[in-house]
Amino acid sequence: ADVFSMVKAGLLDYGIVPVENSIEGSVTQVNDLLISSDVSVVGEVTIPIHHCLLSLPDTDYREIKVVYSHLQALGQCRSFLQRNRLEAMPYYDTAGSAMMLSKERTRGTAVIANRVCADIYNLEIVKENIEDNDTNRTRFMVIAKEKGDGKGDKCTISFTIPHKSGSLFSVLKVFSDAGINLTRIESRPARADLKAFSFLLDFNGADTDKNVAAALAKVEDGALNMKLIGCYREGAK
Numbered sequence: 002a003d004v005f006s007m008v009k010a011g012l013l014d015y016g017i018v019p020v021e022n023s024i025e026g027s028v029t030q031v032n033d034l035l036i037s038s039d040v041s042v043v044g045e046v047t048i049p050i051h052h053c054l055l056s057l058p059d060t061d062y063r064e065i066k067v068v069y070s071h072l073q074a075l076g077q078c079r080s081f082l083q084r085n086r087l088e089a090m091p092y093y094d095t096a097g098s099a100m101m102l103s104k105e106r107t108r109g110t111a112v113i114a115n116r117v118c119a120d121i122y123n124l125e126i127v128k129e130n131i132e133d134n135d136t137n138r139t140r141f142m143v144i145a146k147e148k149g150d151g152k153g154d155k156c157t158i159s160f161t162i163p164h165k166s167g168s169l170f171s172v173l174k175v176f177s178d179a180g181i182n183l184t185r186i187e188s189r190p191a192r193a194d195l196k197a198f199s200f201l202l203d204f205n206g207a208d209t210d211k212n213v214a215a216a217l218a219k220v221e222d223g224a225l226n227m228k229l230i231g232c233y234r235e236g237a238k
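Just so you know, the sequence shown maps onto residues 2 to 238 in this note's numbering.
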């Protein structure tokens, strides 16, 4: 939330936020903020994610009982934690958990974070690559206060529809009829209206393409609160 508010206030030129992971799926808080915040998506990047189990120097790994990290990281290493009978404790982010352990120096405790954190916070790497799948990847979006320059080839929109039969189908049919490929769809409760749902939609194409512009106009007519969040260059996979 701080990243979004600081970008909106002009305190940051850009923010980089995670939107989905190949193991744990969507980062729901970020998706909610994309819908509710007045910022633009201007780029994306997908990168491999590798986690390490970090501890205080000279810790006997057999003493480790509790592991702190962000919920996403804990979920991405769920099998490792269960296999080693380690208690998962959520923390606000991975690097923050490493800093906390370095300062508080709690015995019998470890954290899940990137290997760089071991150098920064003087921790030891107990085990590397503990993620449940070695193809673990996270997609990040780059956000800015203003719309991006240049022509993109991928768009993100949000819209709200009433909770009744055929509402979502009528919107998706617009894209199908226009031959536009959808790459992601996420539903979130519309907090202002318990009888409606908000959706995030990613699709291939530019907002300057005639068929895309026509499709967006139809969606705007048929849905509630349609917003073009951004048109940007698709990131390398």
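Backbone N, C-alpha and C define an ideal beta-carbon position, used for all residues, glycine too.
Once you ignore the five residues that flank residue i on each side, which residues in its own chain have a CB closer than 6 Å to its CB?
| i | result |
| --- | --- |
| V67 | E88, M90 and T110 |
| E129 | C53 |
| R140 | V20, E21 and T47 |
| T161 | A191, A197, S199, L225 and N226 |
| V172 | V220 and A224 |
| E125 | S56 and P58 |
| Y15 | V143 and A145 |
| A179 | N212 and A216 |
What span of residues does the alpha helix (DSSP H) with residue i cover, start to end?
| i | result |
| --- | --- |
| C118 | V117 to I121 |
| S199 | Looking at the DSSP string, S199 is not in any alpha helix (DSSP H); the run it does join, the beta strand (DSSP E), is A197 to N205. |
| L183 | Not the alpha helix (DSSP H): L183 falls in the beta strand (DSSP E), residues L183 to P190. |
By DSSP's criteria, residue i is part of a beta bridge. Which residues make up the other side?
| i | result |
| --- | --- |
| N212 | For N212, which the question treats as bridged, DSSP gives no partner whatsoever. |
| C232 | C156 |
| T139 | N22 and I48 |
| G11 | Note: G11 sits in no beta bridge, so no partner. |
| T161 | S199 and L225 |
| S27 | E21 |
| G167 | According to DSSP, G167 bridges with nothing at all. |
| G16 | I144 |
Does DSSP put residue i in a helix, a strand or coil?
| i | result |
| --- | --- |
| L34 | helix |
| A145 | strand |
| K128 | strand |
| A2 | coil |
| D178 | helix |
Keeping to the same chain, check which residues put their C-beta closer than 7 Å to that of residue i; ignore five residues upstream and five downstream.
| i | result |
| --- | --- |
| N32 | V20, E187, R189 and L201 |
| V267 | Lying outside 2 to 238, the shown extent of the chain, residue 267 is not represented and no answer is given. |
| S70 | Y92, T95, S98, V112, I113 and A114 |
| R63 | none |
| R79 | D133 |
Excluding sequence positions up to five away, which residues of its chain have a Cβ less than 8 Å from the Cβ of residue i?
| i | result |
| --- | --- |
| R185 | E21, L201, L202 and D203 |
| I24 | G76, Q77, E132, D133, N134 and N137 |
| H164 | K196, A197 and F198 |
| L28 | Before going further, note that residue 28 is Val rather than Leu in the sequence given. These residues qualify, in order along the chain: V18, P19, V20, E21, N22 and Q73. |
| N123 | P58 and S103 |
| L13 | V4 and M7 |
| A214 | D208 |
Check your understanding: Which runs of the beta strand (DSSP E) spanning at least 3 residues fall entirely within the segment 36-115, listed in chain order?
Key -> 41-49, 53-56, 67-70, 88-91 and 110-114
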